[in-house]
Amino acid sequence: MNQKAFWETNWNKEAARLPVNSFARRAYKLIKPKHRTLLDLGCGNGTDSLYFAKKGLIVTAVDWSNNALRQLKEVIRRQGIKNVKAVQNDIAKISFRPDSFDVVYAHLSLHYFDDTTTRKIFNHIHKVLKPDGLFFVKCKSVQDKFYGLGRKIEENVYEHRGHLRHFFSKNYMIDLLRKFQLIRVRRTSSFYYDYKCSFIEAVAKK
Ligand SMILES: C[S@@+](CC[C@H](N)C(=O)[O-])C[C@H]1O[C@@H](n2cnc3c(N)ncnc32)[C@H](O)[C@@H]1O
């Protein structure tokens, strides 16, 4: 099964919506009134996109899963939401204009790529952020319990049943963000669905 098919299957059924996660809530506390536009990369069924939209941000929600976006579009339609645009695309291929967004937000969606692609994505995020724009990113850490499961592809990248996982160390995240001003980077752990995971979270500014 390829990566996209994995996610289409994952989003195939109407999953119970998780509550808005604490990362999104903490991000919102740092977002200022001058920040108007937000790009949610790997938005899934859009729980966080809808949270930011309800706070008044103009949201572009990107995911490659049609099944996930169908669920988001259904909420947009039912609730008559005007400030969320759902866009089907591969994060590795996005190409927005420079200085397009005040905020880029990526919750558990940038840890599926090899190192070269990851660096390309982080550089593109830097380009599309406006000056003073904020970037919030949270990825699985090398301390996660799934670390090392499956076939090793490269340093900290493993493929298990067709699913690629890239585990981040704190130093790796810092290195990826070297074009940005780093505001905060830290290791956290919490339950995601039904198991305890380890993460690296970062906040950075252009
Ligand atoms: C763990 S889920 C997180 C979803 C959402 N951010 C949340 O926190 O609920 C990862 C999401 O990233 C999306 N994704 C993974 N690789 C992608 C890619 N190359 N392009 C676009 N979306 C991708 C998946 O379809 C999935 O919806």
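The opening position of the sequence shown corresponds to residue 23 in the numbering used here, with each subsequent residue numbered one higher.
All residues carry an ideal CB built from backbone N, CA and C; glycine is no exception.
On a predicted model such as this, the values are computed, not experimentally measured, just so you know.
Taking buried to mean at least 16 other C-beta atoms within 10 Å of its own C-beta, is residue i buried or exposed?
i	result
S163	buried
Q93	buried
R208	exposed
R78	Residue 78 is actually Gly in this sequence, not Arg. Per the 10 Å Cβ criterion, exposed.
K104	exposed
T138	exposed
T140	buried
T69	buried
E176	exposed
K115	exposed
Just tell me which of the options has its CA closest to the CA of residue i.
i	options	result
F74	P55, N89, W86, Y180	P55
G66	L156, F213, H129, N105	H129
N178	Y134, F202, G68	Y134
Q110	K142, T82, Y217	T82
W29	S131, K104, E96, S44	S131
M195	A27, L186, R206, H185	R206
I80	L60, N145, F168	L60
Taking 6 Å as the cut-off, is the CB of residue i close to at least one heavy atom of ligand 2?
i	result
L94	The model on display carries ligand 1 but not ligand 2.
With a cut-off of 8 Å on the beta carbons, I'd call residue i and residue j a contact; round off their distance for me.
i	j	result
V126	V150	7 Å
Pick out the complete beta strand (DSSP E) segments inside the segment 72-111, 3 residues or longer, and give them in chain order. 80-85, 106-110
Which whole runs of the alpha helix (DSSP H) in the segment 122-173 are 4 residues long or more, in chain order? 137-150
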